[in-house]
Every structure is written in structure tokens, then in C-alpha cells.
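Okay, so here's the structure we're looking at.
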Amino acid sequence: MMLSAWSTGLRDKLSLPLRVELWDGRQLEFSAEPARVTIRVPDRAALRYLRSPSLYSLGRAYVEGAIDIKGCAADIIQVGNALAAHLDKGRGRLGELLRLRPHLAPHTRQSDAEAIRYHYDVSNDFYAAWLDPAMVYSCAYFENGDEDLATAQQKKIDHILRKIDLRPGQRLLDIGCGWGALVLRAAQGFGARCLGVTLSENQALLARERIARAGLQGQVEIRLQDYRDVDGEYDRITSVGMFEHVGVQHLPAYFSRVNRLLAPDGVVMNHGITTTNVDNSATPYGGGEFIDQYVFPHGELAHLSTVVRTMQEGGLEVRDVENLRRHYAKTCAIWTDNFEGNAAHIRTLTEEKRFRIWHLYLAGCAYAFAHGRISLYQIVCGKADGNADRLPWSRKYMYP
14 MMLSAWSTGL
24 RDKLSLPLRV
34 ELWDGRQLEF
44 SAEPARVTIR
54 VPDRAALRYL
64 RSPSLYSLGR
74 AYVEGAIDIK
84 GCAADIIQVG
94 NALAAHLDKG
104 RGRLGELLRL
114 RPHLAPHTRQ
124 SDAEAIRYHY
134 DVSNDFYAAW
144 LDPAMVYSCA
154 YFENGDEDLA
164 TAQQKKIDHI
174 LRKIDLRPGQ
184 RLLDIGCGWG
194 ALVLRAAQGF
204 GARCLGVTLS
214 ENQALLARER
224 IARAGLQGQV
234 EIRLQDYRDV
244 DGEYDRITSV
254 GMFEHVGVQH
264 LPAYFSRVNR
274 LLAPDGVVMN
284 HGITTTNVDN
294 SATPYGGGEF
304 IDQYVFPHGE
314 LAHLSTVVRT
324 MQEGGLEVRD
334 VENLRRHYAK
344 TCAIWTDNFE
354 GNAAHIRTLT
364 EEKRFRIWHL
374 YLAGCAYAFA
384 HGRISLYQIV
394 CGKADGNADR
404 LPWSRKYMYP
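Here the sequence shown stands for residues 14 to 413, numbered as in the numbering used here.
Here's what the structure looks like:
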């Protein structure tokens with residue numbers, strides 16, 4: 014296909030603020046408006062990424078250095094999504110079939126630990142460069158919509174702890190505790206005795222340092238441990254941004270394990286990302302494939318209906334469900350702004366390839382949440398035998 018015919022045909026169907034700069038000095042414009050995104054193609058071989066663009070192929074070409082892309086991440090994602098959607102539409106039924114993928118990840122203790130280390134053990138300084146000071150790496154809660162990130166993250170933690178009706182002296186298990194923000198708040202602000210488990214060595218080290226600085230060693234424990242190896246009985250269990258790593262086919266066993274760890278009158282909060290595809294298929298246009306290869310190996314998203322069903326299969330009864338999709342869209346947009354604002358510093362903390370992966374990933378998540386490709390639900394549940402009926406009658410206690 015001649016380049017001029019290809020670019021003219023695409024420009025006639027899509028008006029994009031895009032410029033393509035070719036190796037021989039030619040420039041292709043795809044809109045009358047000024048370009049906000051520039052793709053630099055260093056040689057003829059790299060043209061294949063543009064002629065059949067998916068979010069996966071474009072993202073792969075960028076992070077592997079086959080092409081260069083300039084522009085703010087939000088604009089890059091918008092242009093990339095438009096190109097990928099145009100290709101997918103042309104594929105017809107094939108495009109739909111390519112979104113379906115079997116959930117074949119083994120999710121053994123070893124494979125899950127390796128996947129967590131790949132994503133989280135970059136460096137604590139890397140995450141600190143764009144997260145809030147408490148380093149909360151999950152959806153914030155914007156009660157009014159105008160809070161700064163640190164305030165919204167604190168409100169999210171308190172929102173969770175109020176939802177589970179946490180009380181002084183109760184034992185709290187936090188599965189996937191990150192850098193310890195939730196267990197610290199639960200101990201300091203609610204008087205709970207806490208155990209946090211993580212598979213990330215970097216997270217565990219910093220969480221323990223923070224607990225020591227707060228003088229809470231006798232009240233809070235951090236373990237480098239798989240949730241499947243935890244024993245004991247807990248009054249409250251939280252899982253924030255963790256169950257996406259479990260695997261769809263393993264969700265019944267996961268919730269069954271949570272049920273066994275829960276006290277008879279205990280309460281569980283599961284806060285996690287879901288797909289909006291009722292068949293649990295991957296996000297469209299190659300976005301899920303990109304994340305699986307470069308960001309979250311073996312990560313799988315379930316639809317809300319699947320989550321509720323597998324909770325019930327695990328012996329839990331859903332008591333409350335809240336959708337925080339637009340809260341996560343805003344959270345990811347702020348993370349993206351922070352990442353771009355600290356780009357020079359972040360590039361000193363990691364290699365260029367990882368910088369590019371995260372640059373696309375954060376903005377891509379903001380886009381996916383904002384456009385309903387993925388969602389976020391907080392689900393409160395208890396044992397299915399009804400012993401969690403000690404919770405207040407109405408939801409007013411969640412919003413003091």
C-alpha cells in the first residue's frame with residue numbers, strides 16, 4: 014500500500030491530532046488542527062505498526078524503541094485508541110474473537126510471587142515519585158471531587174475501615190497490604206490489631222520501617238507471605254487491589270480461603286478492578302494483551318457478576334456494593350500528571366523501557382476507567398450463615 018493512499022484513506026475516516034514523521038523527512042498529517050501527538054518512524058520496517066495498529070502493537074513498538082511517540086500521555090492514548098478501534102471495526106467478528114482469551118495462567122505460589130515482584134519490586138523511590146506521600150497504590154475516594162490525592166487516599170482508607178465497622182481490639186487481616194498505609198491507619202485511628210501480608214520484599218521492608226517509626230511493632234505485623242499460607246481467625250479482612258492477581262478460575266478457592274480465615278461474625282471488604290465484559294474477556298483493541306505482557310503478568314479481571322457468584326461459592330454473602338469507577342479514572346489521571354511532571358527524576362530511577370511502559374499504562378488506565386472499559390467495586394460481605402447481621406441496619410454508619 015502506498016503511504017500517501019494509506020494516510021489519505023485514514024484521514025478521510027478519522028480526524029486525529031496526529032503527525033507521523035518518516036525516516037526520509039516526510040510528514041503525514043491526519044487533521045487540519047495542530048498535531049498534539051507525533052509518531053516518529055525511524056525506518057521502513059516500523060511502518061507495519063501503523064498499518065495494523067492495535068493498542069498492543071503500538072504500545073510494544075513504543076516501549077521496545079521501534080518507534081518514538083511525543084505528546085502528553087492522555088493524547089497519545091486517545092489517538093492510539095482511535096487507530097486501534099478503526100482497525101478492530103474493520104476486522105468485524107474477528108476483532109470480537111481476538112478479545113477472548115482463555116484464563117490459563119497457573120497462579121501457583123511461585124508464579125504469583127514472580128509476577129508481584131515484577132510489578133512492585135521496581136524501587137520504592139520509583140513509586141514515591143508519583144504516588145501520594147502515604148504511597149497508596151489503589152483507587153482514591155473523592156468525597157467531593159475537589160480533594161487533592163493525599164486527602165482522597167486518606168478518605169478511601171477511612172471509608173473502607175468504616176464500611177467494615179472496625180472497632181478497637183479487633184484483629185484485622187489486610188491481604189496485599191502494599192506499603193502498609195491501611196494497617197497503620199487501622200491501628201492508629203481505630204485501635205485494631207493488624208496483620209498485613211504482601212509478596213513484595215520492597216513493600217514489606219518499607220512498611221516495617223513505617224510501623225517502627227510509629228511505635229506500633231506490638232500492634233501491627235507485616236509478613237512476606239502468600240495469602241494461602243495465612244492461618245488464624247480474623248474479625249475483619251480487607252483486600253484492596255489484590256484479587257486481580259488471583260485469576261478468574263481461582264476466585265472460588267480464594268474467597269473460600271477468606272471465608273475460613275473469617276470469624277463467625279466477621280466482615281470482609283474486597284476492593285478491586287473488574288472488567289465490564291460479562292464474559293470476563295480481555296479489554297478491547299489489544300490493551301489487555303499489552304498489560305499482561307508488560308505490566309501485570311497473569312493479571313485477570315472478572316466481571317462483577319462473576320465476583321458475586323464466586324463469593325457465594327466461597328461461602329460469603331454480599332452485604333454492600335459500591336461502584337468507584339470514576340474515582341479510579343480521576344486517581345489514574347492524577348498519577349499520570351504526577352508521572353509526567355516528575356519525568357526527568359523518574360528516568361534516573363529506572364531504564365527507558367520501563368519508563369515508557371508506565372507512561373502508557375497509567376494514562377491507558379485513566380482512559381479505560383473514564384470510558385467504561387473497566388470498573389472498580391468495593392464489596393462488603395460476611396459469612397453466608399447470617400452471623401454478620403450485627404452490622405448496623407442502614408448504610409448511614411459508612412458516612413458519618
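Every residue, glycine too, gets a C-beta built ideally from N, C-alpha and C.
Predicted, not measured: the structure shown is a model, and the values here were computed from it.
query                                                                                                                                                                          : result
For LEU389 and GLY312, what's the separation of their Cα atoms in angstroms?                                                                                                   : 15 Å
Going by other Cβ atoms of all chains shown within 10 Å of its Cβ, with 16 needed for buried, is ALA315 buried or exposed?                                                     : buried
What distance in whole Å lies between the Cβ atoms of ILE188 and ILE250, which are believed to be in contact at a cut-off of 8 Å?                                              : 7 Å
Would the beta-carbon of ILE52 fall within 8 Å of that of ILE90?                                                                                                               : no
Give me, in chain order, the residues of the same chain whose beta-carbon lies closer than 8 Å to that of ARG32; leave out the 5 immediate sequence neighbours on both sides.  : GLN40, LEU41, GLU42, PHE43, ALA48, VAL50, THR51 and ILE52
Where ASP350 and VAL308 are concerned, what is the direct C-alpha to C-alpha distance, given to the nearest angstrom?                                                          : 19 Å
Per DSSP, what kind of secondary structure is ILE52 in: helix, strand or coil?                                                                                                 : strand
Enumerated in chain order, which unbroken segments of the beta strand (DSSP E) with a length of 3 residues or greater are wholly contained in the region 278-345?              : 329-336
Mark TRP1 as exposed unless 16 or more other C-beta atoms lie within 10 angstroms of its C-beta, in which case mark it buried.                                                 : This structure cannot settle anything about residue 1, because the visible part of the chain is limited to 14 through 413.
Between the alpha carbons of LYS26 and ALA376, how many angstroms are there, rounded?                                                                                          : 25 Å
When DSSP labels each residue in this structure, what does GLY103 get in the three-state scheme?                                                                               : Residue confidence is low: GLY103 scores 45 on pLDDT, short of 50, so the model does not pin down where it sits. Its coordinate-derived value is still stated next. Of the three classes helix, strand and coil, the one that applies to GLY103 here is helix, per DSSP.
Looking at VAL393 and VAL280, is the spacing between their C-beta atoms short of 8 Å?                                                                                          : yes
Should TYR267 be listed as close to the ligand MG, given that the test is whether its C-beta is under 7 Å from any heavy atom?                                                 : The model depicted lacks the ligand MG and carries no ligand whatsoever.
Which stretch, first to last residue, makes up the alpha helix (DSSP H) that contains LYS176?                                                                                  : 162-176
Excluding the 5 residues preceding and the 5 following ALA153 in the sequence, name in chain order all residues of the same chain whose CB lies nearer than 7 Å to its CB.     : LEU162, ALA165, GLN166, LYS169, HIS340 and THR344
For ILE359, which of helix, strand or coil comes out of DSSP?                                                                                                                  : helix
Let me know the secondary structure DSSP gives ARG32 once reduced to three states.                                                                                             : strand
For GLN183, name the three-state secondary structure that DSSP assigns.                                                                                                        : coil
Taking all protein chains shown into account, do 16 or more other C-beta atoms lie within 10 angstroms of the C-beta of ASP292, making it buried, or fewer, making it exposed? : exposed
Could you say which of TRP143, SER65 and ALA87 lies nearest to ALA357 if we only look at CA atoms?                                                                             : TRP143
Within 10 angstroms of the Cβ of GLN183, are there 16 or more other Cβ atoms? Answer buried if so, exposed if not.                                                             : buried
Measure the alpha-carbon distance for GLU365 versus GLY301 and round it to whole angstroms.                                                                                    : 22 Å
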